[in-house]
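S.K.:
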Amino acid sequence: MNNHMTRRKLFQILSAAGLGPAFASRVVADESGKGPKGKEQTLGSMLQTTSVENRPRHPAFIRDGKVIQPERPLPVFQETDVLVVGGGPAGWAAAVSAARAGAKTMVVERYGCFGGLWTGGIVLVVISTHATENGQMMQVVRGMGGELLERHAKFDNAIINRGETKFNPTTDPEATMFLMDEMIQEAGVKTLFHCWATDVIMDGGTVRGVVFDSKAGRQAILAKVVVDTTGDGDIFAAAGAEHAQRLHAIGLVHRLGNVDRADLVKLKKAGYRTLGALEPQPSVRWVNLRGPSANGLDINELTRLQFEHRSKIWNHVQKMRKTPGGESLFLLQTAPQLGVRTTRLLAGTYQLTYKEAREPRKFPDTVAVGGAQNSKHPGWPIPYGVLVPKKLDGLLTAGRSISMDDKLVEDGRLIGACLTTGHAAGAAAAVAAKDGCRPRDVSIPKLQKLLVSQGAYLG
Ligand SMILES: Cc1cc2nc3c(=O)[nH]c(=O)nc-3n(C[C@H](O)[C@H](O)[C@H](O)COP(=O)(O)OP(=O)(O)OC[C@H]3O[C@@H](n4cnc5c(N)ncnc54)[C@H](O)[C@@H]3O)c2cc1C
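Sequential numbering from 4 applies to the sequence shown in our numbering.
#1: What first and last residue would you give for the alpha helix (DSSP H) that runs through G426?
#2: Closest by CA to G397, which one among R361, N303, D206, L461?
#3: Measure how close the beta-carbons of V85 and A226 come, nearest whole angstrom, since I'm counting them as under 8 Å.
#4: If distances are taken between C-alpha atoms only, which option among S131, Q248, G123, G220 comes closest to P176?
#5: How should M49 be labelled, buried or exposed, when 16 other C-beta atoms within 10 angstroms of its C-beta is the threshold for buried?
#6: Tell me whether the beta-carbon of S406 lies closer than 7 Å to the beta-carbon of G351.
#7: Could you tell me whether the Cβ atoms of L450 and A431 are closer together than 7 Å?
#8: Can you name the start and end residues of the alpha helix (DSSP H) that M186 belongs to?
#9: Which residues mark the beginning and the end of the alpha helix (DSSP H) in which I302 is found?
#10: Is D237 near ligand 1, in the sense that its beta carbon is under 6 Å from a heavy atom of that ligand?
#11: Under the three-state reduction of DSSP, which class applies to P386: helix, strand or coil?
#12: Along the chain, which unbroken stretches of the alpha helix (DSSP H) at least 4 residues long are found entirely within the region 65-105?
#13: Tell me whether V256 is buried or exposed, calling it buried when 16 or more other Cβ atoms sit within 10 Å of its Cβ.
#14: Does the contact criterion of 3 or more C-beta pairs under 8 Å hold for the region 400-416 versus the region 155-163?
#15: On a CA-only basis, which of S54, R364, M147, N261 is nearest T179? Give me that one, please.
#16: Can you check whether the CB of L390 is closer than 7 Å to the CB of L341?
#17: Among all the DSSP beta bridges, which residues are the ones paired with L259?
#18: When DSSP builds the beta bridges, which residues end up paired with V230?
#19: To the nearest angstrom, how far is it from the Cα of L259 to the Cα of G149?
#20: Between D235 and V88, which are expected to be in contact by the criterion C-beta below 8 Å, what is the C-beta distance as a whole number of angstroms?
#21: I'd like the span of the alpha helix (DSSP H) that includes E136, first residue to last.
#22: Does at least one heavy atom of ligand 1 sit under 6 Å from the Cβ of V85?
#23: Does the beta carbon of T201 come closer than 7 Å to any beta carbon on chain D?
#24: What does a CB cutoff of less than 6 Å around L422 pick up in its chain, not counting 5 residues either side in sequence?
#25: Buried or exposed for H197, please, with buried defined as at least 16 other CB atoms from any protein chain shown within 10 angstroms of its CB.
#26: Just to confirm the assignment: which complete beta strand (DSSP E) runs, minimum length 3, are found wholly within the region 342-375?
#27: For L308 versus I253, is the C-beta spacing smaller than 7 Å?
#28: With the cut-off set at 7 Å, would you say A360 and L292 are in Cβ contact?
#29: If you follow the beta strand (DSSP E) that I405 is in, where does it begin and where does it stop?
#30: Along the alpha helix (DSSP H) that carries H155, what are the first and last residues, could you check?
#31: Give the straight-line distance between the Cα atoms of I418 and F80, rounded to the nearest whole angstrom.
#32: Comparing C-alpha positions only, which one of K452, E282, T345 sits nearest to V128?
#33: For N171, count neighbouring Cβ atoms within 10 angstroms of its own Cβ and tell me buried if that reaches 16, exposed if not.
#34: Can you tell me whether E112 is buried or exposed? The criterion is at least 16 other CB atoms within 10 Å of its CB, across all chains shown.
#35: Beta-carbon separation of T356 and D408 under 7 Å?
#36: Spatial neighbours of F366 within its chain, please: CB distance less than 7 Å, with the 5 preceding and 5 following residues excluded, ordered by chain position.
Pasting the structure below:
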């Protein structure tokens, strides 16, 4: 080597020749720098030796042209009172409620954050937080969801449209994720991110837990009550509960950056009527893409739509950037989570209809109240039966998969309603676990008392 050539220079030459990566760690690791506290910091110092984790191996094999998975014991990761599968608005509220009620609570979430479509899907407007009761607008999303929205107010630029006379606030997704983490951790919920629940553990007609997959292999969690808040009813379907399946528009939300630097007048003249919906950050807008009606459980469809939507959004933004007034705009983000609106709906011990939700009807087993999209009509009481499977025991659902008729789906799947039904399911699961009874046998007065003590609004 030329004595005057530094290792960095050598690395640059190798990189230019396409040989960089193979040499990178060795060369860079040799370079040391001073860290913030004057400590030697090298890439090498971060790379540590650890023992190889020998995960159990039970590979599938082919017999008579069929792929066979051999019988095998599964390690039990943990036993718990309440296991919540899916950490979207409903699952998050369920977990915090159950843990605050004193139940040992776990959540399994396939991604790395709470919030589901609200945060990962960049659906930022919490619709149906309010309704009009006795001529007065009032907040129906209280309890866990209400507290979460309230906590946003302690930060600048974390929430807009929240206040005495305002409804349907929009939140900043990072703030929401931060606050969801905060409340989950304060409540003492054991969380497993990056774990995908794939099957159920059954004891006759009762769900006793779930099987989940992760980088650590396939494991089991045993629970007294499982709350299925996967949004898609993955768990109740695996357990064989009666349910319906629907197609709905599948979209992809994206965010535009530098909106405050764009010339909206010029863009309007060019035919761009809006740049999207307001966010707490003034320079950012979120843009909904509705998409075609499709099957959210079909992996080929999901893949196709992911490709199509991303390319459409990219090209759309590039076009805007070439339009006078739009030069500074850029595509800040496409949502990490595809926008699947509705798939499975549980057949519950009660199916709530749109007609009932628009009548001034009270249920003796009301456990939550849904709001009005425009805050103008009365809240709609939600009976416990929409969370309870007709026959299956050991399980409840909440969120966008509750037992409702097709017309009510547009109300029942909104974030506001998911927060309140999730809260109800978590509280019910805690009561069932504590009393050693089936979720369907939970004492309603006891459940309602718990919900009210946790701040829920029951009408
Ligand atoms: C494009 C679009 C726009 C929308 N716009 C609005 C709006 O403006 N306002 C509004 O209020 N609502 C809106 N909605 C509806 C709302 O966002 C959702 O219905 C709501 O978030 C559903 O909450 P959830 O908790 O039931 O389910 P989800 O939000 O879907 O959360 C489910 C969670 O479960 C996890 N999960 C799923 N399967 C598994 C598994 N097998 N194992 C482990 N984890 C799993 C997921 O990763 C996710 O975190 C919109 C929806 C879409 C798709």
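Where a beta carbon is used, it is the ideal one built from N, C-alpha and C, also for glycine.
M.R.: Put simply:
#1: Translated into the one-based positions of the sequence shown, residue 426 becomes position 423. Looking at the sequence itself, residue 426 is His, so the reference to Gly does not match. Counting along the chain, the alpha helix (DSSP H) containing H426 begins and ends at 418-438.
#2: On the sequence shown, position 394 is the one that residue 397 refers to. Among R361, N303, D206, L461, the Cα nearest to that of G397 is on D206.
#3: Residue mapping note: residue 85 aligns to position 82 of the sequence shown, counting from 1. Residue mapping note: residue 226 aligns to position 223 of the sequence shown, counting from 1. Indeed they touch by this definition, with Cβ atoms about 6 Å apart.
#4: Numbered from its first residue, the sequence shown carries residue 176 at position 173. That would be G123, whose Cα lies nearest to the Cα of P176.
#5: Against the sequence shown, residue 49 aligns to sequence position 46. M49 should be labelled exposed.
#6: What you label residue 406 is simply residue 403 of the sequence shown in a count that begins at 1. What you label residue 351 is simply residue 348 of the sequence shown in a count that begins at 1. Cβ atoms of S406 and G351: closer than 7 Å.
#7: In the sequence shown, residue 450 corresponds to position 447, counting from 1. In the sequence shown, residue 431 corresponds to position 428, counting from 1. Closer than 7 Å, so yes.
#8: Against the sequence shown, residue 186 aligns to sequence position 183. Run containing M186: 176-190, per the alpha helix (DSSP H) assignment.
#9: The residue you call residue 302 lines up with position 299 of the sequence shown. Segment 302-324, the alpha helix (DSSP H) holding I302.
#10: On the sequence shown, residue 237 is found 234 positions in, with the first residue counted as 1. Yes; taking the cut-off as 6 Å, the Cβ of D237 has a heavy atom of ligand 1 nearer than that.
#11: As a working mapping, residue 386 is identified with position 383 in the sequence shown. If DSSP states are grouped into helix, strand and coil, P386 belongs with the strands.
#12: 92-103
#13: The sequence position of residue 256 within the sequence shown is 253, counting from 1. When all chains shown are included, V256 counts as buried.
#14: no
#15: Numbered from its first residue, the sequence shown carries residue 179 at position 176. It is M147.
#16: For the purposes of this step, residue 341 is taken as the residue at position 338 of the sequence shown. For the purposes of this step, residue 390 is taken as the residue at position 387 of the sequence shown. No. Outside cutoff.
#17: Position 256 of the sequence shown, counted from the start, is the residue given in the question as residue 259. Partner(s): R288, L334.
#18: Start at 1 with the first residue of the sequence shown, and residue 230 comes out as number 227. Answer by DSSP bridge pairing, in chain order: V87, L399.
#19: Residue 259 sits at position 256 when you count from the first residue of the sequence shown. Residue 149 sits at position 146 when you count from the first residue of the sequence shown. The alpha-carbon atoms of L259 and G149 are separated by roughly 28 Å.
#20: In the sequence shown, residue 235 corresponds to position 232, counting from 1. In the sequence shown, residue 88 corresponds to position 85, counting from 1. The pair is not a contact, with the Cβ atoms about 11 Å apart (cut-off 8 Å).
#21: Position 133 of the sequence shown, counted from the start, is the residue given in the question as residue 136. Unbroken run through E136 is the beta strand (DSSP E), 133-136; no alpha helix (DSSP H).
#22: If you number the sequence shown from 1, residue 85 lands on position 82. No; taking the cut-off as 6 Å, the Cβ of V85 has no heavy atom of ligand 1 nearer than that.
#23: This model lacks chain D altogether, as it is built from one protein chain only.
#24: In the sequence shown, residue 422 corresponds to position 419, counting from 1. Excluding sequence neighbours, L422 sits near P92, A96, V144, G148.
#25: Numbered from 1 along the sequence shown, position 194 holds the residue referred to as residue 197. Exposed, by the Cβ-count rule.
#26: 347-349, 369-373
#27: For this step, residue 308 is matched to residue 305 along the sequence shown. For this step, residue 253 is matched to residue 250 along the sequence shown. Cβ distance < 7 Å, so L308 and I253 count as in contact.
#28: One-based indexing of the sequence shown puts residue 360 at position 357. One-based indexing of the sequence shown puts residue 292 at position 289. Taking 7 Å as the Cβ cut-off, A360 and L292 do not qualify as a contacting pair.
#29: Walking along the sequence shown from the start, residue 405 turns up at place 402. Unbroken run through I405: none, as it is neither H nor E.
#30: As a working note, residue 155 is residue 152 in the sequence shown. Taken as a continuous stretch (DSSP letters only), the alpha helix (DSSP H) holding H155 covers 146-155.
#31: Here the question's residue 418 lines up with position 415 in the sequence shown. Here the question's residue 80 lines up with position 77 in the sequence shown. Each residue's alpha carbon lies about 31 Å from the other.
#32: Numbered from its first residue, the sequence shown carries residue 128 at position 125. Residue E282 is the option with its Cα nearest to V128.
#33: Along the sequence shown, one-based indexing puts residue 171 at 168. Classification of N171: buried, given that the 10 Å Cβ count is 16 or more.
#34: In the sequence shown, counting from the first residue as 1, residue 112 sits at position 109. It counts as buried.
#35: By 1-based counting over the sequence shown, the position of residue 356 is 353. By 1-based counting over the sequence shown, the position of residue 408 is 405. Going by C-beta atoms, T356 is nearer than 7 Å to D408.
#36: Taking the sequence shown and counting its residues from 1, the one referred to as residue 366 is at position 363. Here the set comprises P384, P386.
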